[in-house]
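Here is the structure we will look at.
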């Protein structure tokens, strides 16, 4: 293992997920700015994860990211992805109301408030090249491809390789080595 010391492994995980060039503004005393910075970091996690996924070829000119209209993180997602690219394509943000609306996406972000709709969303995207990223612990065990959550001030990732493979997607070794693998392989 590259990092034998647990502390260094955690540092590597954080560095992997933090946006490049994110300066000391994340440490400001103003609570309003800190919440915005926290939301931007969480929004950037979706992009950082997506960079370590391999998709089959598709002809669209844009990379489509879907987020729920009910997601409290939606303003941060809109702000963060306004000028971002994924898979060398500009990001198009679609806001969805129901599970059936996510079929045309490359990435679907589901927040904890939608955990009751997760089974329907999983059913909609299963066996499709659509990455399902859920911000809720144990969502990968319920069929999501990747979940992330904060526990003890640490960002944790869980990856369901079986669900990824069934969708025609694959995760980079670099992502897999910092994540907990769940589901059967």
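Residue numbers (the numbering used here): 70 to 254. We put the CB at the ideal spot given by N, CA and C, even for glycine. The model shown is predicted, which means the values in this text are computed figures rather than measured ones.
Where residue i sits in the DSSP three-state scheme
i, result
"residue 148", "helix"
"residue 184", "helix"
"residue 244", "helix"
"residue 209", "helix"
"residue 117", "helix"
"residue 231", "helix"
"residue 223", "strand"
"residue 143", "helix"
"residue 238", "coil"
"residue 136", "strand"
"residue 93", "In this predicted model, residue 93 has a pLDDT of only 38, less than 50, meaning its place in the structure is not dependable; the value taken from the coordinates is given anyway. Residue 93 falls in the helix class under three-state DSSP."
Extent of the continuous alpha helix (DSSP H) to which residue i belongs
i, result
"residue 216", "From DSSP, residue 216 is part of no alpha helix (DSSP H) but of the beta strand (DSSP E) over 215-220."
For residue i: DSSP bridge partner residues
i, result
"residue 174", "Its beta-bridge partners do not exist; DSSP assigns none."
"residue 191", "DSSP lists no partner for residue 191."
"residue 179", "203"
"residue 110", "BP columns for residue 110 are empty, so no partner."
Assigned exposure category for residue i - 16 Cβ within 10 Å defines buried
i, result
"residue 154", "exposed"
"residue 113", "buried"
"residue 123", "exposed"
"residue 205", "buried"
"residue 149", "buried"
"residue 212", "buried"
"residue 189", "exposed"
"residue 248", "buried"
"residue 145", "buried"
"residue 100", "Here the model assigns residue 100 a pLDDT of 37, short of 50, so the residue's position is not dependable, and the following value carries that caveat. That one is exposed."
Residue i: first and last residue of the uninterrupted beta strand (DSSP E) it sits in
i, result
"residue 249", "249-251"
"residue 164", "158-165"
*asked:* Taking contact to mean 3 or more Cβ pairs, one atom from each stretch, closer than 8 Å, check whether the segment 106-118 and the segment 209-225 are in contact.
replied: Taking a contact to require three or more Cβ pairs closer than 8 Å, the segment 106-118 and the segment 209-225 qualify as touching.
*Looking at C-beta atoms only, is the number of pairs between the segment 130-149 and the segment 172-182 that lie closer than 8 Å three or more?*
yes
*Given 8 Å, three or more beta-carbon pairs between the segment 196-203 and the segment 153-167*: no
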